[in-house]
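This report refers to the structure that appears directly beneath it.
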Amino acid sequence: MSTQPAEKPWWRTFLTPGWVIAALLIAAFSYFAFTVLAPWQLDKNERLEQRNEHIVEAFDQDPVPLSSVLRADGSLSPDDEWTRVTATGRFTGPDVLLRLRPVDRTPAFQVLTPFTLDNGETLLVNRGWVPARDSTKVPDFAAAPGSVVTLTGMLRLDEGIHPTAPMQDQGYQMVYSISPGQIGELTGTDMLSPYLQLLGGEPGVLEPIPLPQLETGNHLSYGLQWIAFGILAPAGLIYFIAAETRERRRYREEQEQLLLADASPTPAGPAPEPAAAEANVGTQGPAQRSRYGQTRRNPWSGAYDKEQERSR
Numbered sequence: 001m002s003t004q005p006a007e008k009p010w011w012r013t014f015l016t017p018g019w020v021i022a023a024l025l026i027a028a029f030s031y032f033a034f035t036v037l038a039p040w041q042l043d044k045n046e047r048l049e050q051r052n053e054h055i056v057e058a059f060d061q062d063p064v065p066l067s068s069v070l071r072a073d074g075s076l077s078p079d080d081e082w083t084r085v086t087a088t089g090r091f092t093g094p095d096v097l098l099r100l101r102p103v104d105r106t107p108a109f110q111v112l113t114p115f116t117l118d119n120g121e122t123l124l125v126n127r128g129w130v131p132a133r134d135s136t137k138v139p140d141f142a143a144a145p146g147s148v149v150t151l152t153g154m155l156r157l158d159e160g161i162h163p164t165a166p167m168q169d170q171g172y173q174m175v176y177s178i179s180p181g182q183i184g185e186l187t188g189t190d191m192l193s194p195y196l197q198l199l200g201g202e203p204g205v206l207e208p209i210p211l212p213q214l215e216t217g218n219h220l221s222y223g224l225q226w227i228a229f230g231i232l233a234p235a236g237l238i239y240f241i242a243a244e245t246r247e248r249r250r251y252r253e254e255q256e257q258l259l260l261a262d263a264s265p266t267p268a269g270p271a272p273e274p275a276a277a278e279a280n281v282g283t284q285g286p287a288q289r290s291r292y293g294q295t296r297r298n299p300w301s302g303a304y305d306k307e308q309e310r311s312r
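The letter at position 261 of the sequence shown is residue 261 when you use UniProt numbering, and the numbering goes up by one with no holes.
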């Protein structure tokens, strides 16, 4: 009588290169989604919400003196960005141009001019923008007034120094980011940390820089989607592991039932012809379904048939 070989533990089925690589890739993806992608989008959404709140608050309140917003060291708190302030002094030049910063999808140059305050400190002022001629040429634009003026604008934080070095072109110093510290080095002045973005109608303003739209876009939904993907990926792996385990259990139960059916006594009947019996030995075992629906012979039925034939 044949016996069914011992079955290996179910978990060893998944210790194959395919399953292991799939598990590692899914684990890496979920970790990246939770720690990088989702926080990246959610953080952008939070920053935009804070920016919108600051802009709304700025126009809900009257402009305040510049000195009341700056810290003791002349820097600006991020919570005070977009505050409307007033500053009195005179433009002392020279103009520095910000390049490769389109405005409303129009190739443009933004004009940045040092402004000496009545207390002797220097503040960088973004006077607005002018459209580029032929996408690259600097057009003529009005010079800043030379008299003492009082400006009203919105305080902006230093953008930081761009990796691309400043350049001299068409008679102007050109930069790739608005960094008062860097522009101060180019113009030989010691500037305050924030800069002033002029509003329309102010002395020396060109085309005023448009204010951002008060919306946050799809960053919140993108962040939630990455969280969902990070959950669904391992959940899908668990589902396929459970489905594989269930299919193997069903297959094993079918094998056991077939073995029991082969071992049960068969009713007496006319003996088959010798030639037919010999031809059928090892070929007439009961067929069975494989794990995934195909039919194949029971691997134990041939041995059982031979044993029955020898006992006759």
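Note that the Cβ used here is the ideal one computed from N, Cα and C, for glycine as well. Note that the coordinates shown come from a computational prediction; the quantities given were computed from them, not determined experimentally.
Touch check for the stretch 108-118 and the stretch 131-144: three-plus C-beta pairs under 8 Å?
-> yes
Does the stretch 215-226 come close enough to the stretch 130-137 that 3 or more CB-CB pairs lie under 8 Å?
-> no
How big is the Cα-Cα spacing for Ala243 and Thr35?
-> By one-based count along the sequence shown, residue 243 stands at place 243. By one-based count along the sequence shown, residue 35 stands at place 35. Distance between the alpha carbons of Ala243 and Thr35 is about 30 Å.
Starting from the C-beta of Leu48, find all residues in its chain whose C-beta is less than 6 Å away, skip the five residues before and the five after it, and write them out in chain order.
-> Position 48 of the sequence shown, counted from the start, is the residue given in the question as residue 48. Thr216, listed in sequence order.
For Val148, three-class secondary structure by DSSP = Stepping through the sequence shown from its first residue, residue 148 is reached at position 148. Of the three classes helix, strand and coil, the one that applies to Val148 here is coil, per DSSP.
Can you tell me which of Ser68, Leu100, Arg248 and Ala87 puts its alpha carbon nearest to the alpha carbon of Leu151?
-> In the sequence shown, counting from the first residue as 1, residue 151 sits at position 151. Closest by alpha carbon: Ala87.
If we count the other Cβ atoms within 10 Å of its Cβ and call it buried at 16 or more, is Asn119 buried or exposed?
-> As a first step, residue 119 is located in the sequence shown; it is residue number 119 there, counting from the start. Under this definition Asn119 is an exposed residue.
Express the C-alpha separation of Pro180 and Arg90 in angstroms, rounding to a whole number.
-> Taking the first residue of the sequence shown as 1, we reach residue 90 at position 90. Taking the first residue of the sequence shown as 1, we reach residue 180 at position 180. Distance between the alpha carbons of Arg90 and Pro180 is about 17 Å.
Is Pro145 buried or exposed, if buried means 16 or more other CB atoms sit within 10 Å of its CB?
-> Translated into positions along the sequence shown, residue 145 becomes position 145. Result: exposed.
Report the three-state DSSP secondary structure of Ser193 (helix, strand or coil).
-> For this step, residue 193 is matched to residue 193 along the sequence shown. In this structure, Ser193 counts as strand in the three-state DSSP scheme.
Straight-line Cα distance separating Gly230 from Phe14 | One-based indexing of the sequence shown puts residue 14 at position 14. One-based indexing of the sequence shown puts residue 230 at position 230. The straight-line gap from Cα to Cα measures roughly 22 Å.
Would you kindly check if the distance between the Cβ of Leu76 and the Cβ of Leu155 is under 8 Å?
-> By one-based count along the sequence shown, residue 155 stands at place 155. By one-based count along the sequence shown, residue 76 stands at place 76. The answer is yes: Cβ separation under 8 Å.
Measure the beta-carbon distance from Val103 to Ile209 and round it to whole angstroms, keeping in mind my assumption that it falls under 8 Å.
-> By one-based count along the sequence shown, residue 103 stands at place 103. By one-based count along the sequence shown, residue 209 stands at place 209. At roughly 7 Å, the Cβ-Cβ gap stays under 8 Å, so Val103 and Ile209 are in contact.
Nonlocal neighbours in the same chain, by C-beta distance under 7 Å from Leu100, ignoring five residues either side | Here residue 100 refers to the residue found at position 100 when the sequence shown is read from its first residue. Within the same chain, Leu100 has close Cβ partners Tyr176.
Out of curiosity, what's the CA-to-CA distance linking Pro39 and Leu259?
-> In the sequence shown, the residue the question calls residue 39 occupies position 39. In the sequence shown, the residue the question calls residue 259 occupies position 259. Their backbone Cα atoms lie some 57 Å apart in a straight line.
For Pro94, which of Arg105, Asp79, Pro114 and Pro78 has the nearest alpha-carbon?
-> Here residue 94 is taken as the residue at index 94 of the sequence shown, counted from 1. If we check each option's Cα against that of Pro94, Pro114 comes out closest.
Identify which residue in Glu256, Trp226 and Thr92 has its Cα closest to the Cα of Ala33.
-> In the sequence shown, counting from the first residue as 1, residue 33 sits at position 33. Nearest C-alpha to Ala33: Trp226.
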